[in-house]
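> Residue numbers (UniProt numbering): 1 to 309.
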Amino acid sequence: MQTKPFRIGTRGSPLALAQAYETRARLMAAHGLPEEMFEIVVLSTKGDRITDRSLALIGGKGLFTEEIEAQLSSGELDFAVHSSKDMPTKLPEGLHLSAFLPREDIRDAFIGRSAKRLLDLPQGATVGSASLRRQALIRRLRPDLNVIVFRGQVDTRLAKLAGGEADATLLAYAGLKRLGKLDVPTEILDPVSFPPAPAQGAICIESRVGDARMENLLAAIDDRPTRTAVTCERGFLATLDGSCRTPIAGYATVEGDHVQFRGMILTPDGSRFHEIEASGPATNAATLGEEAGEAIRAKAGADFFESWG
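Right, here's the structure in full:
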């Protein structure tokens with residue numbers, strides 16, 4: 001019988017806390033436990049502290065997870081809540097993604113100060129984004145635009161936009177919805193022409209391999225369709241060695257026992273890109289994503305990846 005509160009690790013941004021609170025609420029409902037049985041432990045990560053440079057220049061996705069994973073590995077935390085798209089495809093030994101909450105909207109949201117749509121921005125307008133994928137997709141659709149690095153929490157980026165540092169920015173629609181900012185987007189982008197990051201919109205829970213007590217606790221809130229889709233997308237990403245230094249997009253949809261996947265890779269300047277589609281049984285989701293990654297790599301050719309640096 002658990003007497004001490006379960007310790008949940010999370011970053012301290014409003015969005016990260018919203019995700020931790022949602023996880024706690026689902027566990028409380030699933031197990032009939034009171035709120036005091038869950039202690040949310042806020043940790044600062046290197047990715048949170050360094051906001052003046054692109055993640056590509058300072059180490060990539062692991063910067064948002066390293067400090068949390070160290071405490072998880074040592075037993076100071078029982079489990080951790082993350083945005084799935086922030087997770088490296090290779091996790092520290094002894095840790096795994098043990099549950100996924102039902103996925104939110106996968107799409108990107110465009111927020112314009114004057115023009116309401118990306119395609120309506122005037123020539124030479126400035127768009128701020130921290131994501132190499134979004135930067136490449138913007139340049140693919142609008143090579144005339146000035147794309148700059150725009151980092152920080154959601155409110156920070158919106159304040160920069162309001163202050164005139166850019167004419168527009170893009171954020172994950174799922175994050176805006178979780179923060180109750182449904183009035184912020186001026187356009188929701190089509191995932192076919194502007195595909196999301198792999199695992200975008202999905203909250204994952206990380207725990208220690210072999211911790212049966214946590215496995216039993218978390219199994220009650222694991223959403224199978226989300227797990228299947230994200231597994232496929234992470235397979236695609238892993239095959240392409242995806243990180244914050246590589247413009248890779250992809251998303252899977254799950255209907256019953258069937259998975260449909262669409263993926264895209266781009267050069268950072270958006271001038272060249274390749275797309276791929278694949279489908280298969282849900283039980284084969286990881287392999288489906290990996291094979292799609294291998295196929296698009298072969299299609300693009302070795303020289304395509306040289307520009308990724």
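Note that beta-carbon positions come from the ideal geometry of N, C-alpha and C, so glycine has one too. Quick caveat, the model's predicted, so the values are computed rather than measured.
Could you work out which residue in Leu161, Val81, Pro185 and Cys232 is closest to Leu97 when comparing CA atoms only?
Position 97 of the sequence shown, counted from the first residue, corresponds to residue 97. Across the set Leu161, Val81, Pro185 and Cys232, the C-alpha of Val81 shows the shortest separation from the C-alpha of Leu97.
> Note down, one range per segment and in chain order, each beta strand (DSSP E) of at least 3 residues found wholly within the stretch 171 to 222.
203 to 208
> State whether the stretch 133 to 142 contacts the stretch 192 to 204, with contact taken as three or more CB pairs (one from each stretch) at a distance under 8 Å.
yes
> Would you say Glu215 and Leu95 are within 8 Å of each other, going by their C-beta atoms?
If you number the sequence shown from 1, residue 215 lands on position 215. If you number the sequence shown from 1, residue 95 lands on position 95. No, these two residues do not count as a Cβ contact at 8 Å.
> Going by DSSP in three states, Ala252 sits in which element: helix, strand or coil?
Indexing the sequence shown from 1 puts residue 252 at position 252. Looking at Ala252 - three-state DSSP - the assignment turns out to be strand.
> Give me the DSSP bridge partner(s) of Val149.
In the sequence shown, residue 149 corresponds to position 149, counting from 1. BP columns for Val149 are empty, so no partner.
> Starting from Ile276 and walking both ways along the beta strand (DSSP E), at which residues does that stretch end?
Counted from its first residue, the sequence shown places residue 276 at position 276. From DSSP, the beta strand (DSSP E) with Ile276 extends over Phe273 to Pro281.
> Can you tell me whether DSSP reads Thr287 as helix, strand or coil?
As a working note, residue 287 is residue 287 in the sequence shown. Helix at Thr287.
> My output table needs one value for Thr156: the three-state DSSP class, helix, strand or coil.
The residue given as residue 156 occupies position 156 in the sequence shown. Correct three-state label for Thr156: helix.
> To which residues of the same chain is Ala229 closer than 6 Å at the C-beta, ignoring the five residues directly before and after it?
Here residue 229 refers to the residue found at position 229 when the sequence shown is read from its first residue. Excluding residues within five positions, the ones whose Cβ falls inside 6 Å are Ala252 and Val254.
> Hey, could you find the ends of the alpha helix (DSSP H) Glu66 is sitting in?
Indexing the sequence shown from 1 puts residue 66 at position 66. Counting along the chain, the alpha helix (DSSP H) containing Glu66 begins and ends at Glu66 to Ser74.
> Leaving aside the five residues before and after His274 along the sequence, list all residues of the same chain whose C-beta is less than 6 Å from its C-beta, in chain order.
The residue given as residue 274 occupies position 274 in the sequence shown. Closer than 6 Å at Cβ, skipping near neighbours: Ile265, Ile296, Lys299 and Ala300.
> According to DSSP, simplified to helix, strand and coil, what is Asp78?
Translated into positions along the sequence shown, residue 78 becomes position 78. Residue state, collapsed to three classes: coil.
> Among Phe79, Ile221, Leu121 and Gly112, which residue has its Cα nearest to the Cα of Gly163?
Indexing the sequence shown from 1 puts residue 163 at position 163. When only C-alpha atoms are compared, the closest one is Gly112.
> On a CA-only basis, which of Val259, Asp257, Ala238 and Gly256 is nearest Ala249? Give me that one, please.
The sequence position of residue 249 within the sequence shown is 249, counting from 1. Of Val259, Asp257, Ala238 and Gly256, the residue nearest in Cα terms is Ala238.
> Report whether the distance from the Cβ of Leu179 to the nearest heavy atom of the ligand GTP is below 7 Å.
In the structure on display, the ligand GTP does not appear, and there are no ligands present to speak of.
> Please state the DSSP three-state secondary structure of Gly293.
One-based indexing of the sequence shown puts residue 293 at position 293. Residue state, collapsed to three classes: helix.
> Go ahead and pull the three-state DSSP assignment for Gly32.
For the purposes of this step, residue 32 is taken as the residue at position 32 of the sequence shown. Gly32: coil per DSSP, three-state reduction.
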